[in-house]
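Quick notes on the structure that follows.
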Amino acid sequence: MTALQVSEIGIDFGGVKAVDSVSFTIEEGQIFSIIGPNGAGKTTLFNLISGVYLPKVGRVALFDEDVTGLAPNRLVARGLSRTFQNLQIFFRMTVAENVMVGRHLREARGVVPHLLSLPSVVRQNRESRREALRLLERIGLVGRADDLAANLPYGALKRLEIARALATEPKVLLLDEPAAGCNPRETEEIEHQIKEIADSGVTVVLVEHDMKLVMRISDRIHVLDYGRTLAEGEAEAIRTNPEVIKAYLGTHGAEEAARARG
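Heads up: take any position in the sequence shown, counting from 1, add 1126, and you land on the working numbering.
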């Protein structure tokens, strides 16, 4: 089944086309990576898909439902969640509380029950914490649940942001450079996490510059350059594509990608 379909989507800023007629289709359960040089339009494309920006042209469909231009909270309610290139962590909250924030849209809400601390609210809060601890165990951070997020190392913060996105119960998860700034061990942990997420049935859309990571885990790869599609295909086809090598990978990058697939 098609999880996400982007059709001829585009946006310009001051006459400059940041994303220009980009289309692709992602099947349910795939790991679909979007790569390209800095300024290629990758994060802008994520912003169009996730409702941060309203596209000037084109269409976004989530499980065959037209969701073009829906606000981010409405998209989350329909099963699409994301992380950001720059960490969006509440550093003065605990690790568990950060994950519990992600469950907000899945909880029954009402001012009066919360003000009165009714039993239903207490039960709901306990269930949210149980779910947060389950997700933290899944990413290897359950032992830090009651620590302030500010006390976590950088790689753990990246995994925490993924856990919070998972708390929204997504069907499609957009990860914007989850391994950026991570050391090799942290990158390996994130790679394992992404594979586990996809194996659980969640469709993963990944923007990432680490070509070893991309080549190892991607079912398909979409290459952007100057806001337009340059190529799309499986890892081997992208790694050996002369236009991709020229525009993005370079000879050294292509060799690194080849070693990753080996």
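For every residue, glycine included, the Cβ atom is placed at its ideal position computed from N, Cα and C. On a predicted model such as this, the values are computed, not experimentally measured, just so you know.
Backbone CA spacing between residue 1267 and residue 1282 [nearest angstrom]
Position 141 of the sequence shown, counting from 1, holds the residue named residue 1267. Position 156 of the sequence shown, counting from 1, holds the residue named residue 1282. Take the alpha-carbon of residue 1267 and the one of residue 1282: they are about 8 Å apart.
Who pairs with residue 1349 in a beta bridge, going by DSSP?
Taking the sequence shown and counting its residues from 1, the one referred to as residue 1349 is at position 223. Answer is 1161, 1357, bridged to residue 1349.
For residue 1217, count neighbouring Cβ atoms within 10 angstroms of its own Cβ and tell me buried if that reaches 16, exposed if not.
Here residue 1217 refers to the residue found at position 91 of the sequence shown. Answer is exposed; the Cβ neighbour count stays below 16.
Status (buried if at least 16 other CB within 10 Å, exposed otherwise) for residue 1324:
Reading the sequence shown from its first residue, position 198 is the one you call residue 1324. Looking at its Cβ environment, which holds 16 or more other Cβ atoms inside 10 Å, residue 1324 is buried.
Roughly how many angstroms separate the alpha carbons of residue 1137 and residue 1147, rounded to a whole number?
To locate residue 1137, count along the sequence shown from 1; it is residue 11. To locate residue 1147, count along the sequence shown from 1; it is residue 21. Spanning the two alpha carbons is a distance of roughly 9 Å.
Can you give me the Cβ contacts of residue 1254 inside the same chain, cut-off strictly under 6 Å, excluding the 5 residues immediately before and after it?
Counting from one through the sequence shown, the residue named residue 1254 turns up at place 128. So the qualifying residues of the chain are 1226, 1229.
Are the beta-carbon atoms belonging to residue 1186 and residue 1265 less than 8 Å from one another?
Counting from 1 along the sequence shown, the entry for residue 1186 is found at position 60. Counting from 1 along the sequence shown, the entry for residue 1265 is found at position 139. Not in contact: residue 1186 and residue 1265 (Cβ atoms no closer than 8 Å).
Reducing DSSP to helix, strand and coil, say where residue 1134 ends up.
Taking the first residue of the sequence shown as 1, we reach residue 1134 at position 8. Three-state DSSP puts residue 1134 in a strand.
Near residue 1157, what residues of its chain come up, given a Cβ to Cβ distance below 6 Å and the 5 sequence neighbours on each side ignored?
Counting from 1 along the sequence shown, the entry for residue 1157 is found at position 31. Excluding sequence neighbours, residue 1157 sits near 1324, 1330, 1343, 1344, 1345.
Option nearest residue 1437 by Cα separation, candidates 1262, 1351, 1197:
Nothing about residue 1437 can be read from this structure; the chain reaches only from 1127 to 1388.
Can you find the residues in the same chain that come closer than 6 Å, C-beta to C-beta, to residue 1237, ignoring five residues on each side of it along the sequence?
Within the sequence shown, the letter at position 111 stands for residue 1237. Reliability fails at residue 1237, whose pLDDT of 41 lies under 50, so the model's placement of it is uncertain and no value is given.
Neighbourhood of residue 1139 by C-beta, 6 Å cutoff - its chain only, sequence neighbours within 5 removed
The sequence position of residue 1139 within the sequence shown is 13, counting from 1. None.
Beta-carbon proximity check, residue 1302 vs residue 1209, cutoff 8 Å
Here residue 1302 refers to the residue found at position 176 when the sequence shown is read from its first residue. Here residue 1209 refers to the residue found at position 83 when the sequence shown is read from its first residue. The answer is yes: Cβ separation under 8 Å.
Counting only the same chain and skipping the five closest in sequence on each side, list residues whose C-beta sits under 6 Å from that of residue 1297.
The residue you call residue 1297 lines up with position 171 of the sequence shown. Correct list, in chain order: 1205.
Given a threshold of 16 other Cβ atoms within 10 Å of its Cβ, counted over all protein chains shown, does residue 1280 qualify as buried or as exposed?
By 1-based counting over the sequence shown, the position of residue 1280 is 154. In summary, residue 1280 is exposed, with fewer than 16 beta-carbon neighbours lying within 10 Å of its beta-carbon over all protein chains present.
Just list the beta strand (DSSP E) runs in the region 1261–1302, keeping only unbroken ones of 3 residues or longer that don't cross its boundaries, in chain order.
The region 1261–1302 contains these whole beta strand (DSSP E) runs: 1298–1302.
Identity of the residues DSSP links to residue 1152 by a beta bridge:
As a working mapping, residue 1152 is identified with position 26 in the sequence shown. For residue 1152, the pairing in a beta bridge is given by DSSP as 1130.
Measure how close the beta-carbons of residue 1261 and residue 1289 come, nearest whole angstrom, since I'm counting them as under 8 Å.
By one-based count along the sequence shown, residue 1261 stands at place 135. By one-based count along the sequence shown, residue 1289 stands at place 163. The beta carbons of residue 1261 and residue 1289 sit about 5 Å from each other, so the pair counts as a contact at 8 Å.
Enclosing beta strand (DSSP E) for residue 1208 [first to last residue]:
In the sequence shown, residue 1208 corresponds to position 82, counting from 1. Annotation for residue 1208: the continuous beta strand (DSSP E) segment containing it runs 1206–1208.
Identify the residues that DSSP records as bridge partners of residue 1338: which are they?
Against the sequence shown, residue 1338 aligns to sequence position 212. BP columns for residue 1338 are empty, so no partner.
Which of helix, strand or coil does DSSP assign to residue 1254?
As a first step, residue 1254 is located in the sequence shown; it is residue number 128 there, counting from the start. The three-state reading of DSSP puts residue 1254 in helix, counting H, G and I together.
With burial defined as no fewer than 16 other Cβ atoms inside 10 Å of the residue's Cβ, what is the status of residue 1369: buried or exposed?
The sequence position of residue 1369 within the sequence shown is 243, counting from 1. Sixteen is the threshold: since fewer than 16 other Cβ atoms of the shown chains lie within 10 Å of the Cβ of residue 1369, the residue is exposed.
C-beta contact flag for residue 1353 and residue 1145 at 8 Å
Start at 1 with the first residue of the sequence shown, and residue 1353 comes out as number 227. Start at 1 with the first residue of the sequence shown, and residue 1145 comes out as number 19. The answer is yes: Cβ separation under 8 Å.
Write down the C-beta distance between residue 1128 and residue 1190 rounded to the nearest angstrom, noting that I regard them as a contact closer than 8 Å.
Counting from 1 along the sequence shown, the entry for residue 1128 is found at position 2. Counting from 1 along the sequence shown, the entry for residue 1190 is found at position 64. Right, their Cβ atoms sit about 7 Å apart.
Tell me, to the nearest whole angstrom, how far the beta carbon of residue 1133 is from that of residue 1184; I am working on the premise that it is less than 8 Å.
What you label residue 1133 is simply residue 7 of the sequence shown in a count that begins at 1. What you label residue 1184 is simply residue 58 of the sequence shown in a count that begins at 1. About 6 Å separates the beta carbon of residue 1133 from that of residue 1184, a gap short enough to meet the 8 Å contact definition.
Cβ-based neighbour list, residue 1316, same chain, cut-off 7 Å, excluding 5 preceding and 5 following:
Counting from 1 along the sequence shown, the entry for residue 1316 is found at position 190. Counting only residues of its own chain and dropping the five nearest sequence neighbours on each side, residue 1316 has a CB closer than 7 Å to the CB of 1284, 1285, 1304, 1305, 1308.
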